[in-house]
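**Q**
Protein chains in written order, with my numbering: chain S, -4 to 352; chain Y, -4 to 352.
Here it is in structure tokens:
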């Protein structure tokens, strides 16, 4: 196992499209969404077993979730949990981790991975991660994992690439975040687009150079960090740094602008599990087309996803194509094809009674 | 206030058509179903204020609900709560109360009333109850309250009567329990049918004579009770008596057979509140035709009844004509026009996990 391999798990999101299951106090990544006996964060960490040593795993999360991370990954030392005072999207998060890791190991190759995605074929995933680590270790490049799209989903980012059969990785041409449906259809037809899985691999010096070039204000902020990271000053420094950083994604801030970005065409049964419908799509259905988790009786009910906690009983008669979700004193009943409204529900509930968000 | 006036409130039912709100451990009559600040039992008791003295109120209930009755009607002495070891329908319940009351007051006029019905116009109700008490005090007759039917409801019993404009009460011709729809329609068209409100008024000697004539085995059983009622032997006696009594309603066992039954045509805003739809029908609706009780947000949702406890949040998008009921760890979602299935749900849930019934 290469001691230069590092993983940065991003675990600060709220996952509000998965409300009411994903909640401000206990977001999706801290749940065992698939019922596999492990939370999504635990599964994500486990996925890198054999890829990088446990002491090279870093988790970036909101300060409010540090306790949950410690509880779920008890092998982490406090220094491996990077506490964000506020959410500032992925660019400041990656910067924080990169500057911190560089100080310890300037030869680090970093995998940045979300904590709340599903990967079904872990062996293939590890195989492809190793290819990416090799390539990123050899050259001053940034690699992203691209998933062959199965539908013109408008919830994903798309990556267009220059095909090169002689290379393991393909040069990226364009990034397009969440296209409209017609555009997504054209992307699929053209054949040279893949979904952006949000997993990045780069040398620590490469990503810091990219910050210096494309997000110089972020780089300047973190340049001052040297004397404070890994000391008792770190928290105070980060508090100040985050208040100066703008809210920007690593995709938009760097990947879309840099010319040294490559995509590794991947196939490891991936889902970002972004929405209720995506959970419905990946889980096994019964003969009525229902996905059922919990104590549930259905009558004349088809094509639904019904998820409830074990101490509740749910009885449904006469629903087709609905999400029925019960969690922590909230019940949501929503047409499955209108699941994009969930974020509106969350906004409205927040106004009414913030205990329920 | 006539000291001979007595009321017997029947509070032993389970109200399973109102599941999951009405539960084996806490049936409908012990809930504040309408949100009026009083349970249905309390409201029923209050309804007889000024009609009969508090010490003449008797409540017959299952032994498991004695605690709930004491809690909700703290003015009752233990002797006023008649504890049934098992439910045996209304005939044994009325016999128990009648024999017990006769021993104290052989001139008693008894009103028998369910504990879980709604009466909107309490003043009219009291006025009509007084007429019935007068008539039943004068003659050896049994009186039932008849409600002008507003629809061919197949969930009610129907009473046909001989019209007599010179009398305050009308002689009963036939009783028909829960007719099929076509028959119910004919009843309505004919104009000489009313709904049986299940409220009876009779002298204690009159009802005991009726038992002797039409249910002699019940009369014989209770004839032996004299030395035991109002003593410490009462409970043991009742235990034995109920094990000997068959399960039979006062309607079927006596009223349908006796020739001295009269109906008082009544109009006091009555509902037996037997089902979710009946609750929907009587409660005020918002501009989308929804009846909403609890913390609820609706989107594109119409003609529903949504009832949940205060500490829960319910969000619904895209339902029309449904019952959504949440209570004590159970959630039921059912098409409103298929509410008759609720009893099937209860049977199925009982097989699965009896905590939830």
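All C-beta atoms, glycine included, are put in the ideal place defined by N, C-alpha and C.
1) Compile a chain-ordered list of the residues in the stretch 309 to 338 of chain Y whose CB is closer than 8 Å to at least one CB of chain S.
2) Look up residue 33/Y in the DSSP assignment and say whether it is helix, strand or coil.
3) Between which two residues does the beta strand (DSSP E) holding residue 329/Y run?
4) Looking at C-alpha atoms only, which residue of 236/S, 147/S, 131/S, 148/S is the closest neighbour of residue 140/S?
5) Does chain Y have any CB closer than 9 Å to the CB of residue 344/S?
6) Could one say the Cβ of residue 351/Y lies closer than 9 Å to chain S's Cβ atoms, at least one of them?
7) At 8 Å on the CB atoms, spell out the chain S contacts of residue 340/Y, in chain order.
8) When Cβ atoms are compared, which residues of the stretch 50 to 82 of chain S fall closer than 7 Å to chain Y?
9) Whose CA, out of 212/S, 329/S, 226/S, 69/S, lies closest to the CA of residue 241/S?
10) Rounded C-beta distance between residue 292/Y and residue 340/S? I'm assuming under 8 Å.
11) 9 Å is my cut-off, CB to CB: does residue 15/S come that close to chain Y?
12) Pick out whichever of 41/S, 155/S, 287/S has its Cα sitting closest to the Cα of residue 183/S.
13) Between residue 203/S and residue 93/S, how many whole angstroms is the CB-CB distance? I'm expecting something under 8 Å.
14) So, for residue 76/S: in the same chain, excluding its five sequence neighbours on each side, which residues have a beta-carbon less than 6 Å away from its beta-carbon?
15) Label residue 225/S either buried or exposed according to how many other C-beta atoms from any shown protein chain fall within 10 Å of its C-beta, with 16 as the threshold for buried.
16) Taking its Cβ as the centre, do 16 or more other Cβ atoms sit within 10 Å of residue 81/S, making it buried, or is it exposed?
17) Thinking just about the alpha-carbon of each residue, which of 101/S, 1/S, 277/S is nearest to the one in residue 196/S?
18) Return the CA-CA distance between residue 258/Y and residue 189/Y, expressed in angstroms with no decimal places.
19) Considering only residues of the same chain and omitting the five flanking positions on each side of residue 264/Y, which have a CB-CB separation below 7 Å?
20) Decide if the stretch 289 to 309 of chain Y is in contact with the stretch 326 to 334 of chain S; the criterion is three or more beta carbon pairs, one per stretch, under 8 Å apart.
21) Classify residue 267/S as buried or exposed, calling it buried when 16 or more other Cβ atoms lie within 10 Å of its own Cβ.
22) Run through the DSSP bridge pairs and tell me what residue 104/S is partnered with.
23) For residue 347/Y, decide whether its Cβ has a neighbour in chain S, counting only Cβ atoms nearer than 9 Å.
24) Just verifying my parser: in three-state terms, what is the DSSP assignment at residue 39/Y?
25) Determine which residues share a DSSP beta bridge with residue 265/S and list them.
26) With a threshold of 9 Å between beta-carbons, can residue 302/Y be considered close to chain S, or not?
27) Name the DSSP beta bridge partners of residue 190/S, please?
28) Using a cut-off of 7 Å between C-beta atoms, extract the partners of residue 163/S located in chain Y.
29) Could you pull out every residue in the same chain whose Cβ sits closer than 7 Å to the Cβ of residue 109/S, ignoring the five residues on either side in sequence?
30) Please report the distance separating the alpha-carbon of residue 36/S from that of residue 288/Y.
31) Name the DSSP bridge partner or partners of residue 165/Y?
32) Determine whether the beta carbon atoms of residue 191/S and residue 138/S lie at a separation below 9 Å.
33) Residue 232/S to residue 100/S, Cα distance in whole Å?
34) Between the beta-carbon of residue 300/S and the beta-carbon of residue 286/S, is there less than 9 Å?
35) Use the C-beta contact count for residue 270/Y: other C-beta atoms within 10 angstroms, 16 or more gives buried, fewer gives exposed.
36) Indicate whether residue 246/Y and residue 152/Y have their beta-carbon atoms separated by less than 9 Å.
**A** On the basis of the data shown:
1) 309, 310, 311, 312, 313, 314, 317, 319, 321, 324, 325, 326, 327, 328, 329, 330, 333, 336
2) coil
3) 325 to 330
4) 131/S
5) yes
6) yes
7) 292, 294, 310, 312
8) none
9) 212/S
10) 7 Å
11) yes
12) 155/S
13) 6 Å
14) 54, 61, 64
15) exposed
16) exposed
17) 1/S
18) 9 Å
19) 114, 115, 116
20) yes
21) buried
22) 0/S, 198/S
23) yes
24) helix
25) 114/S
26) no
27) 142/S, 153/S
28) Residues of chain Y passing the Cβ test: none, with the nearest at roughly 46 Å.
29) 5, 193
30) 38 Å
31) 258/Y
32) no
33) 21 Å
34) yes
35) buried
36) yes
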